[in-house]
Every structure is written in structure tokens, then in C-alpha cells.
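Colleague: These protein sequences, in sequence, are chains P and H. Take the first sequence: its position 79, counting from 1, is numbered 79 in the numbering used here, and each next residue is one higher. Take the second sequence: its position 66, counting from 1, is numbered 66 in the numbering used here, and each next residue is one higher. Provided herewith is a single structure, encoded as C-alpha cells, for subsequent inquiry.
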Amino acid sequence: DTEVTQTPKHLVMGMTNKKSLKCEQHMGHRAMYWYKQKAKKPPELMFVYSYEKLSINESVPSRFSPECPNSSLLNLHLHALQPEDSALYLCASSQGQKNIQYFGAGTRLSVL
Amino acid sequence: AQSVSQHNHHVILSEAASLELGCNYSYGGTVNLFWYVQYPGQHLQLLLKYFSGDPLVKGIKGFEAEFIKSKFSFNLRKPSVQWSDTAEYFCAVNTPDGQNFVFGPGTRLSVLP
Chain P
1 DTEVTQTPKH LVMGMTNKKS LKCEQHMGHR AMYWYKQKAK KPPELMFVYS
51 YEKLSINESV PSRFSPECPN SSLLNLHLHA LQPEDSALYL CASSQGQKNI
101 QYFGAGTRLS VL
Chain H
1 AQSVSQHNHH VILSEAASLE LGCNYSYGGT VNLFWYVQYP GQHLQLLLKY
51 FSGDPLVKGI KGFEAEFIKS KFSFNLRKPS VQWSDTAEYF CAVNTPDGQN
101 FVFGPGTRLS VLP
């Protein structure tokens, strides 16, 4: 099983809303990632968690707040987003940071 | 900073034509190399990977790629494409310490039936 599950699949939110994106994997992977992908562009790395600790934050604005409650779950909390934050948000996991990343289907976020 | 370039933005082929998509990276040290595919409306899937050993690697769906260290290249090939190969193809590089994972800009492949 190489499945990474993301919920919700679609999310529409206003600029004053607070919402969360969820990601789950049961492959025993110890590294988990959040990416942002705009249309017709490659995924851009946002955050990396390794052994449930934040190891990389690619200068992401504080309106995005990641959380790793346990080794299987990764959340991305959203608050006061801007319309330009509308994108596909992808979660991935890997055995370690040196290994193959497996991607979820993504959450398509629209900020109005 | 490490970067990955892909030679073509959009490639259009007829079915049964041969495919080669170029990928070059700028990192001078040891790297792991990947090709991912994203079919329309679907998630990123791993096509193939290179960590070490034989520089010619075979992946799923008849794809292969060749690592040429001296050219910093990892080109993707397929002898005969099908309409179902229509997708976006991303080359990616990961440094062995895992601190850098960078995708190329992507190449959109359109295969005409």
C-alpha cells in the first residue's frame, strides 16, 4: 500500500476563515511534506517533517501553520489566507528524507 | 542554489512516435534523481528513480531514463508513446542528505491519437 490520503479534496474559504487540511499515511514513513502547486507549475516545497519534528520551512508565511500530531498524520492549518494562496496543496511522505516521495491526490483550495 | 531544468515546455507527438524528454540539474554533488508523471486530474506518480548503479534505469509503463553524470542529465525515454501517456512530466532531484528536493518546471506531453 503506497497510499497517502488527503482531505478534503476541495475547499473554498474566505479570507477571514480558519480551516485545516489533513494528510494521512500508514506506510510507516517518517518524513512528511507539504507542497503548493499552482496551475501548470511544478510543486513547490513548503514544509518537511522528519520524525514528527519540523525540519524544513521554506520561508512560508505564518498564515500557513503545519502540525504533525503523530507519525501518520500531517495537518496544515490555514488562517487569513489571500486569494493568491489558491492552489493545489499536496502532501507526500517518504521512508526518510533521502527516499522516494509518495504523493496524495491533493486538496484544491480556493480563497475568495 | 540547486536547480532543475527541463528542455521542453510542451511536446506534441503522434501515437507510436518515440519520446525523449530532457532534464538537467545544477547540483555538483551526489544526487538521487526521479521522474514523476501527473495525468490530467490525478496525483503525482513515480515513473522511475536513480540512486546508484546502472545509469540506465527502467520504470513503469515502458519508460526508461539514462543518468549521464558528466552532463548532469537524466533524460526520459519511451520507444513508442500511446495516447494514454498524455500528461505532465516532472524531473526531480534529491540530495542524499535529504535537505533539498527540487522539481523541474515540467514538460507537458500531448499524444495525438
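Cβ atoms here follow ideal geometry from the backbone N, Cα and C, with glycine treated the same way.
Indicate the three-state DSSP secondary structure (helix, strand or coil) for P/Ser62 in the structure shown.
Modeller: Here residue 62 of chain P is taken as the residue at index 62 of the first sequence, counted from 1. Coil.
Colleague: Pull the bridge partners of P/Ser21 from the DSSP assignment, please.
Modeller: The residue given as residue 21 of chain P occupies position 21 in the first sequence. Here residue 21 of chain P turns out to be Leu, not Ser, going by the sequence shown. P/Leu21 pairs with P/Leu76.
Colleague: Does the structure place the segment 27 to 47 of chain P close enough to the segment 11 to 19 of chain P that three or more beta carbon pairs sit under 8 Å?
Modeller: The answer is no - the segment 27 to 47 of chain P does not touch the segment 11 to 19 of chain P, with fewer than three Cβ pairs under 8 Å.
Colleague: For the segment 20 to 101 of chain H, which segments carrying the beta strand (DSSP E) assignment without a break, of at least 3 residues, lie completely within its bounds, in sequence order?
Modeller: Runs of the beta strand (DSSP E) inside the segment 20 to 101 of chain H: 23 to 25, 32 to 38, 45 to 50, 56 to 58, 64 to 68, 73 to 78, 87 to 94.
Colleague: Let's test the definition: count the other Cβ atoms within 10 Å of the Cβ of P/Ala92 and tell me whether it reaches 16, buried, or not, exposed.
Modeller: Here residue 92 of chain P refers to the residue found at position 92 of the first sequence. Burial call: buried.
Colleague: Do you know whose CA, among P/Ser50, P/Glu44, P/Met15, lies nearest P/Ser59's CA?
Modeller: As a working note, residue 59 of chain P is residue 59 in the first sequence. Selected option, being the one with the closest Cα: P/Glu44.
Colleague: Within the same chain, show all residues whose beta-carbon is closer than 7 Å to that of H/Gln82, passing over the 5 residues directly before and after it, in chain order.
Modeller: Against the second sequence, residue 82 of chain H aligns to sequence position 82. Within the same chain, H/Gln82 has close Cβ partners Glu15, Val111.
Colleague: If you measure between the beta carbons of H/Phe72 and H/Asn24, is that distance less than 8 Å?
Modeller: Against the second sequence, residue 72 of chain H aligns to sequence position 72. Against the second sequence, residue 24 of chain H aligns to sequence position 24. Yes. Within cutoff.
Colleague: Chain P partners of H/Gly127, CB-CB under 7 Å?
Modeller: Residue 127 of chain H cannot be examined here, being either before or after the span of chain H that is shown, 1 to 113.
Colleague: When burial is assigned at 16 or more other CB atoms within 10 Å of the CB, is H/Lys78 buried or exposed?
Modeller: What you label residue 78 of chain H is simply residue 78 of the second sequence in a count that begins at 1. Label assigned to H/Lys78: buried.
Colleague: Between the segment 4 to 12 of chain P and the segment 50 to 64 of chain P, can you find at least three pairs of beta-carbon atoms closer than 8 Å?
Modeller: No: the two stretches stay apart, fewer than three of their Cβ pairs being nearer than 8 Å.
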